[in-house]
Amino acid sequence: MEMLALQILLLCHVVVGTVGNILLFVHNFSQILTDSRLRPIQVILINLAVANAFMLLLFAYSYDLTDIVPRKPPTDLKCKLAYFFHLVARGTIMCSTCVLSTYQFVTLVPGTWARVMFSEISPKVVSYCCYSCWLFSVLNNAYMLMNVSGPQKSHNDSDSKGNSICSISGVSVDMNFLRFSHDIIFLSIMAWTSVSMVIHLNRHHQRMNHIHKVNQNNRGHAETRAAHTILMLVVTFVSSYTLNCISISFHISFVESCLWLRYVTKLLALSFPTISPLLLIFRDCKGHCSLRIMSVWKSI
13 MEMLALQILL
23 LCHVVVGTVG
33 NILLFVHNFS
43 QILTDSRLRP
53 IQVILINLAV
63 ANAFMLLLFA
73 YSYDLTDIVP
83 RKPPTDLKCK
93 LAYFFHLVAR
103 GTIMCSTCVL
113 STYQFVTLVP
123 GTWARVMFSE
133 ISPKVVSYCC
143 YSCWLFSVLN
153 NAYMLMNVSG
163 PQKSHNDSDS
173 KGNSICSISG
183 VSVDMNFLRF
193 SHDIIFLSIM
203 AWTSVSMVIH
213 LNRHHQRMNH
223 IHKVNQNNRG
233 HAETRAAHTI
243 LMLVVTFVSS
253 YTLNCISISF
263 HISFVESCLW
273 LRYVTKLLAL
283 SFPTISPLLL
293 IFRDCKGHCS
303 LRIMSVWKSI
């Protein structure tokens, strides 16, 4: 019963997350239809939405969401491609979130040389960064195609679950360390930019607290709100990543006795692609509404 509940929850993650990312993509990409130039942050959000949706749809295609309809065990090629593209999407999501937090830090904190550079060539720089995220993820995970194989056949017919799980072998300690170092670098950049933005916003709040009036600058309000949204996004990503790593460790240690940990691990892996578009859409809509109310109030 608990397995079925987890599988239904996984299905809800996939459906809600896919719809949310499609809405996020349309919300930002629609600027082109009105002959407007995309802002750099919109380019990053479009790239993030594509990576999120790709990961969710790949999961829906590669794994069984319910046990109602039995399926054939995956082939060797399907295991290789599914695991490879999963790692590519995961790496692109991490890289895109890092680019998003870095760009928000550069545009928020005044007096930095990076802000002057981004104000001049930001569209090209951001586009190249997004393309580089995909390229880097492909190159960084290409070796996994050689180490993933189809399910290991067993003479025990009762072990149907074990016969449908792809196997990984031959991954050296050096390659695992390289992958872990890659994650640590991106997480460190996100943590550094987030802490820097928190410090800057705290100082700005203390400096402006005694002169906060109703006629405050709308642009400054929008930038501050955007920074808060990015901070919430980074905290969500780091939390889901940490919990996912913990669940993977427990799953590896107790794979025989706790099969439900495999579903919990998948839930945590899909949590950020599901939550992030909803967070970005709701915060953006709420920000537009608040700015519109402020402008109407000032005109009265």
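In terms of the working numbering, the sequence shown has 224 at position 212, counting the first letter as 1, and numbering is strictly consecutive.
Heads up, the beta-carbon is just placed ideally off N, CA and C, and yes, glycines get one too.
Can the beta-carbon of residue i be found less than 8 Å from the beta-carbon of residue j?
{"i": "Ser-113", "j": "Ser-200", "result": "no"}
{"i": "Pro-285", "j": "Gly-29", "result": "yes"}
{"i": "Ile-34", "j": "Ala-72", "result": "no"}
{"i": "Ile-287", "j": "Thr-248", "result": "yes"}
{"i": "Pro-52", "j": "Val-121", "result": "no"}
{"i": "Ser-259", "j": "Leu-273", "result": "yes"}
Please name the residue in the options whose C-alpha comes closest to that of residue i.
{"i": "Leu-292", "options": "Phe-41, Leu-23, Val-62, Gly-32", "result": "Gly-32"}
{"i": "Ser-296", "options": "His-39, Arg-49, Thr-87", "result": "Going by the sequence as given, residue 296 is Asp instead of Ser. Per the Cα distances, His-39."}
{"i": "Asn-152", "options": "Phe-96, Asn-64, Leu-120, Gln-116", "result": "Phe-96"}
{"i": "Thr-277", "options": "Leu-190, Tyr-115, Ile-264", "result": "Ile-264"}
{"i": "Thr-119", "options": "Leu-290, Arg-274, Phe-262, His-212", "result": "His-212"}
{"i": "Met-67", "options": "Phe-294, Ala-281, Leu-290", "result": "Ala-281"}
{"i": "Lys-92", "options": "Tyr-140, Leu-157, Val-121", "result": "Leu-157"}
{"i": "Met-15", "options": "Tyr-275, Ser-283, Phe-294", "result": "Tyr-275"}
{"i": "Lys-90", "options": "Leu-99, Cys-178, Asp-195", "result": "Cys-178"}
{"i": "Phe-294", "options": "Trp-146, Leu-245, Phe-117", "result": "Leu-245"}
{"i": "Ile-105", "options": "Asn-214, Phe-198, Lys-136", "result": "Phe-198"}
{"i": "Leu-99", "options": "Cys-141, Phe-192, Ile-20, Arg-49", "result": "Phe-192"}
{"i": "Phe-117", "options": "Cys-145, Arg-215, Asn-256, Trp-204", "result": "Trp-204"}
{"i": "Arg-49", "options": "Lys-136, Phe-262, Phe-189, Asp-88", "result": "Lys-136"}
Tell me the DSSP secondary structure of residue i in three-state form.
{"i": "Ser-179", "result": "strand"}
{"i": "Val-247", "result": "helix"}
{"i": "Val-160", "result": "strand"}
{"i": "Leu-199", "result": "helix"}
{"i": "Arg-295", "result": "helix"}
{"i": "Cys-48", "result": "In the sequence as presented, Cys is not what sits at residue 48; that position holds Ser. Residue state, collapsed to three classes: coil."}
{"i": "Val-27", "result": "helix"}
{"i": "Asn-7", "result": "Outside the modelled stretch of the chain, which goes from 13 to 312, sits residue 7, for which no answer is possible."}
{"i": "Val-111", "result": "helix"}
{"i": "Val-398", "result": "Residue 398 lies beyond the residue range present for the chain, which begins at 13 and ends at 312; the question has no answer from this structure."}
{"i": "Thr-254", "result": "helix"}
{"i": "Val-210", "result": "helix"}
{"i": "Thr-286", "result": "helix"}
{"i": "Thr-104", "result": "helix"}
{"i": "Val-121", "result": "coil"}
{"i": "Thr-205", "result": "helix"}
{"i": "Thr-87", "result": "coil"}
For the putative contact between residue i and residue j, defined by C-beta atoms under 8 Å, what is the C-beta separation to the nearest angstrom?
{"i": "Leu-279", "j": "Leu-18", "result": "7 Å"}
{"i": "Ala-101", "j": "Ser-74", "result": "Rounded, the Cβ-Cβ distance is 11 Å, inconsistent with contact."}
{"i": "Ile-56", "j": "Tyr-143", "result": "About 12 Å separates the two Cβ atoms, so there is no contact after all."}
{"i": "Ile-180", "j": "Val-150", "result": "Their Cβ separation, rounded to whole angstroms, is 18 Å, which puts Ile-180 and Val-150 out of contact at 8 Å."}
{"i": "Pro-289", "j": "Leu-36", "result": "4 Å"}
{"i": "Met-202", "j": "Tyr-155", "result": "So it is not a contact: roughly 25 Å between Cβ atoms."}
{"i": "Ala-239", "j": "Met-209", "result": "5 Å"}
For chain C, is any of its Cβ atoms less than 8 Å away from the one on residue i?
{"i": "Gly-29", "result": "In the structure shown, chain C does not exist; there is a single protein chain."}
Q) Touch check for the stretch 244-253 and the stretch 20-28: three-plus C-beta pairs under 8 Å? A) no
Q | Three-pair Cβ contact test at 8 Å for the stretch 94-111 versus the stretch 41-60 | A | yes
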